[in-house]
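Those protein sequence lines, which keep their order, are chains A and B.
At position 14 of the first sequence (counting the first as 1) the number is 14 in my numbering, and the numbers step up by one without a gap.
Offset between the second sequence (1-based) and my numbering: plus 1000.
Every residue, glycine too, gets a C-beta built ideally from N, C-alpha and C.
Taking it in order: structure first as structure tokens, then the write-up.
Number of protein chains: 2
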Amino acid sequence: MKTKGKTEILKEHQLRHTGSREDILAIFMREAFALSHADVEHRLPEGFDRVTLYRTLKTFVDKGLIHKVLDDSGEAKYALCKEPCSTDHHHHGHVHFKCTRCGLTNCLEEVQIPSVQLPKGYKTEDVNLLVQGICLVCNKKTASIEEPV
Amino acid sequence: MKTKGKTEILKEHQLRHTGSREDILAIFMREAFALSHADVEHRLPEGFDRVTLYRTLKTFVDKGLIHKVLDDSGEAKYALCKEPCSTDHHHHGHVHFKCTRCGLTNCLEEVQIPSVQLPKGYKTEDVNLLVQGICLVCNKKTASIEEPV
DNA sequence: GGAAGATTTGTAAATTTGTAGCTTTACCGT
DNA sequence: ACGGTAAAGCTACAAATTTACAAATCTTCC
Chain A
1 MKTKGKTEIL KEHQLRHTGS REDILAIFMR EAFALSHADV EHRLPEGFDR
51 VTLYRTLKTF VDKGLIHKVL DDSGEAKYAL CKEPCSTDHH HHGHVHFKCT
101 RCGLTNCLEE VQIPSVQLPK GYKTEDVNLL VQGICLVCNK KTASIEEPV
Chain B
1001 MKTKGKTEIL KEHQLRHTGS REDILAIFMR EAFALSHADV EHRLPEGFDR
1051 VTLYRTLKTF VDKGLIHKVL DDSGEAKYAL CKEPCSTDHH HHGHVHFKCT
1101 RCGLTNCLEE VQIPSVQLPK GYKTEDVNLL VQGICLVCNK KTASIEEPV
């Protein structure tokens, strides 16, 4: 199964195909975890215009190409929308996991958010769940030190 | 039932009772929903020192007087801790709800976060759940228009 | 393939935001 | 009331974000 191309993704979201957008989109496609503004910036070629990055991230969010990932740091992070998101409706049923050790935030696509029963009168449209803790990778590192075979 | 006084709250958290803290605490007690840094700032008297606000919010979080409420906006919000929070351990098993209509974010103290089963190897330390949708108040307004008796 | 019109980008400058250092002021236990 | 100490009130800075505007780049339509 071939992954959707960048050109195709941009077109789907009614965005012009430009070099900057291609670069930024490529970064999101390459990394599996959620990226903050700074994360993206670091991965961009030296001297990439900062203003363009601000604008592009905003545009991508507005058009539903990427979505904001909640984070306790207060610093917004972004990740590609894998499920179809229209301009106005983001829909993300999966859990986000932030490792307190390595600091990376991932989408755990395979973990569904359990349904939540809200009090009468509330209407649910979207649910976001952020779990913080130690991720698989960091956990292994620790284990190999603290629990020798 | 009388609500706990500001003086009492500050004392409980080992904080000196000062004018600034009283002002800021009063704002949180007055508003039922979560407030961003900017929200608090706007409600403070003209000319209130910016730096003091930064420091006070930080102190309040550190001492467990208020807790961060995650928000999809990326902008951190804060709300009073109703459950007893010690200096080092915030414990918030409850759900946060953000209304897409009125934009307000509330703590639903009565709704517990269901436990989440993560893949093997992950270790959970903290869980945050944000539900977005239509709140009780906004829902009623709508209902009274769309579903006349 | 090229031109027109609209969008996007690059640049500089203005604003806003978050911190640090230091002095003065205000708490609070004794 | 006194004195040690925490907090407030500045000022100054660096970094982050936004704005304005002209130049460069897309798209569409001949």
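Exercise. Of all the residues that make up the segment 128-145 of chain A, which are near chain B by a beta-carbon distance shorter than 8 Å?
Worked result: Asn128, Leu129, Leu130, Val131, Gln132, Gly133, Ile134, Cys135, Leu136, Asn139 and Lys140
Problem set entry | Environment of B:Tyr1054 [buried if 16+ CB atoms lie within 10 Å] | In the second sequence, residue 1054 of chain B corresponds to position 54, counting from 1. Exposed is the call here.
For this session: State yes or no: is the beta carbon of A:Pro119 nearer than 8 Å to at least one beta carbon in chain B?
Result: Counting from 1 along the first sequence, the entry for residue 119 of chain A is found at position 119. With 8 Å as the cut-off, A:Pro119 counts as an interface residue toward chain B.
For this session: Classify A:Asp88 as helix, strand or coil using the three-state DSSP reduction.
Result: For the purposes of this step, residue 88 of chain A is taken as residue 88 along the first sequence, with counting starting at 1. Per-residue confidence for A:Asp88 stands at a pLDDT of 45, beneath the threshold of 50, marking its modelled position as unreliable; no derived number is given.
For this session: Pick helix, strand or coil for B:Tyr1078, following the three-state DSSP scheme.
Result: What you label residue 1078 of chain B is simply residue 78 of the second sequence in a count that begins at 1. Reduced to three states, the DSSP call for B:Tyr1078 is strand.
Problem set entry | For B:Gly1019, the three-state DSSP class (helix, strand or coil) | Counting from one through the second sequence, the residue named residue 1019 of chain B turns up at place 19. If DSSP states are grouped into helix, strand and coil, B:Gly1019 belongs with the helices.
Exercise. Do you know whose CA, among B:Gln1014, B:Phe1028, B:Asn1139 and B:Asp1072, lies nearest B:Lys1082's CA?
Worked result: Here residue 1082 of chain B refers to the residue found at position 82 of the second sequence. Nearest option by C-alpha distance: B:Phe1028.
For this session: Report yes if the CB atom of B:Val1095 is closer than 8 Å to the CB atom of B:Val1069, and no otherwise.
Result: In the second sequence, counting from the first residue as 1, residue 1095 of chain B sits at position 95. In the second sequence, counting from the first residue as 1, residue 1069 of chain B sits at position 69. It is not a contact, given that the beta carbons lie outside the stated cut-off.
For this session: For A:Ala76, return the contacting residues in chain B, with the cut-off set at a CB-CB distance below 7 Å.
Result: Indexing the first sequence from 1 puts residue 76 of chain A at position 76. What A:Ala76 touches in chain B: Gly1074.
Exercise. Beta carbon of A:Asn128, beta carbon of B:Leu1118: below 8 Å?
Worked result: For the purposes of this step, residue 128 of chain A is taken as residue 128 along the first sequence, with counting starting at 1. For the purposes of this step, residue 1118 of chain B is taken as residue 118 along the second sequence, with counting starting at 1. Result no, Cβ atoms of A:Asn128 and B:Leu1118 do not sit closer than 8 Å.
Problem set entry | Test item: CB-CB of A:Phe97 and A:Leu80 under 8 Å | Within the first sequence, the letter at position 97 stands for residue 97 of chain A. Within the first sequence, the letter at position 80 stands for residue 80 of chain A. With contacts defined by Cβ atoms closer than 8 Å, A:Phe97 and A:Leu80 do not form a contacting pair.
Exercise. Checking contacts by CB at 8 Å: is A:Phe97 closer than that to chain B?
Worked result: Position 97 of the first sequence holds residue 97 of chain A. It does; some Cβ of chain B falls within 8 Å.
Problem set entry | Sequence-distant residues of its chain with Cβ nearer than 6 Å to B:Leu1104 (five each side left out) | To locate residue 1104 of chain B, count along the second sequence from 1; it is residue 104. Excluding its 5 nearest sequence neighbours in each direction, B:Leu1104 has C-beta neighbours in its own chain below 6 Å: Phe1033, listed in chain order.
Exercise. Three or more C-beta pairs closer than 8 Å, one from the segment 60-78 of chain A and one from the segment 9-28 of chain A: is that the case here?
Worked result: yes
Exercise. Closest by CA to B:Cys1099, which one among B:Lys1058, B:Gly1047, B:Asn1139 and B:Arg1043?
Worked result: The sequence position of residue 1099 of chain B within the second sequence is 99, counting from 1. Considering only alpha carbons, the answer is B:Asn1139.
Exercise. Does DSSP put A:Cys138 in a helix, a strand or coil?
Worked result: To locate residue 138 of chain A, count along the first sequence from 1; it is residue 138. The answer is helix: DSSP assigns A:Cys138 an H, G or I state.
Problem set entry | Residue environment, B:Arg1021, which counts as buried when at least 16 other CB atoms sit within 10 Å | One-based indexing of the second sequence puts residue 1021 of chain B at position 21. B:Arg1021 comes out buried.
For this session: Excluding the 5 residues preceding and the 5 following B:Asp1023 in the sequence, name in chain order all residues of the same chain whose CB lies nearer than 8 Å to its CB.
Result: In the second sequence, the residue the question calls residue 1023 of chain B occupies position 23. Listed in chain order, the non-local C-beta contacts of B:Asp1023 below 8 Å within the same chain comprise Leu1044, Pro1045 and Phe1048, local neighbours out to five positions each way being set aside.
For this session: Please check if any C-beta of chain B sits within less than 8 Å of the C-beta of A:Leu65.
Result: The residue labelled residue 65 of chain A in the question sits at position 65 within the first sequence. It does not: the Cβ of A:Leu65 has no partner Cβ on chain B nearer than 8 Å.
For this session: Could you give the DSSP three-state label for A:Asp71: helix, strand or coil?
Result: As a position in the first sequence, residue 71 of chain A is number 71, starting the count at 1. A:Asp71 falls in the coil class under three-state DSSP.
For this session: Return the CA-CA distance between B:Tyr1122 and A:Lys77, expressed in angstroms with no decimal places.
Result: Looking up residue 1122 of chain B in the second sequence gives position 122. Looking up residue 77 of chain A in the first sequence gives position 77. For B:Tyr1122 and A:Lys77, the distance between alpha carbons rounds to 21 Å.
Exercise. Going along chain A, which residues have a C-beta under 9 Å from B:Ile1100?
Worked result: Position 100 of the second sequence holds residue 1100 of chain B. For the sequence presented, residue 1100 of chain B should be read as Thr rather than Ile. Simply Glu125 and Asp126.
Problem set entry | Proximity below 8 Å, CB of B:Lys1004 to CB of B:Ala1026 | By one-based count along the second sequence, residue 1004 of chain B stands at place 4. By one-based count along the second sequence, residue 1026 of chain B stands at place 26. No, the Cβ-Cβ distance between B:Lys1004 and B:Ala1026 is not below 8 Å.
For this session: With DSSP as the reference, label A:His37 as helix, strand or coil.
Result: Within the first sequence, numbered from 1, the residue matching residue 37 of chain A stands at position 37. Three-state result, A:His37: helix.
Exercise. Which of the residues in the segment 21-42 of chain A, read from start to end, lie with their CB under 9 Å from any CB of chain B?
Worked result: none
Problem set entry | From B:Asp1072, B:Ser1073 and B:Val1040, residue whose alpha carbon lies closest to that of B:Leu1057 | Here the question's residue 1057 of chain B lines up with position 57 in the second sequence. Checking every option, the nearest Cα to that of B:Leu1057 belongs to B:Val1040.
Exercise. Is DSSP giving A:Lys120 helix, strand or coil here?
Worked result: Working through the first sequence from its first residue, we reach residue 120 of chain A at position 120. In the structure shown, A:Lys120 sits in coil (DSSP, three-state: anything other than H, G, I, E or B).
Problem set entry | alpha helix (DSSP H) segment containing A:Lys6, residue limits | Here residue 6 of chain A refers to the residue found at position 6 when the first sequence is read from its first residue. Element bounds for A:Lys6: Lys6 to Glu12.
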